[in-house]
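Residue numbers (this note's numbering): 31 to 103.
Glycine included, C-beta positions come from ideal geometry on N, C-alpha and C.
Read the structure below first, then the notes.
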């Protein structure tokens, strides 16, 4: 099992970076529950400067501006 880097986009924890355990052999989609109880699901993957993947977890109340800002960062 590996640790993947996730960033929450939108909601009360916008911008929160967390490391989440991930088993690549498990077919279930990645989903994290935000502090307000809403599910945040993977919407995109980007890479950091070291070419390591980062997964953007989309909160249901994320705005288009928040999503675009996180994609561009």
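Under 8 Å between C-beta atoms of residue i and residue j
| i | j | result |
| --- | --- | --- |
| residue 44 | residue 84 | no |
CA-to-CA distance, residue j to residue i, given in whole angstroms
| i | j | result |
| --- | --- | --- |
| residue 71 | residue 55 | 18 Å |
| residue 64 | residue 92 | 12 Å |
Residues near residue i by beta carbon distance below 7 Å, same chain, minus five either side
| i | result |
| --- | --- |
| residue 48 | 36 |
Own chain, CB closer than 6 Å to residue i, minus 5 neighbours either side, in chain order
| i | result |
| --- | --- |
| residue 61 | 69, 71 |
| residue 86 | 37, 39, 73, 74, 100 |
| residue 50 | 34, 36 |
Residues of its chain near residue i, where Cβ-Cβ distance is below 8 Å and the 5 sequence neighbours each way are ignored
| i | result |
| --- | --- |
| residue 52 | 31, 32, 33, 34, 60 |
| residue 77 | 83, 84 |
Problem - Secondary structure, beta strand (DSSP E): runs of 3+ residues fully inside the segment 48-82 - result: 61-63, 69-77
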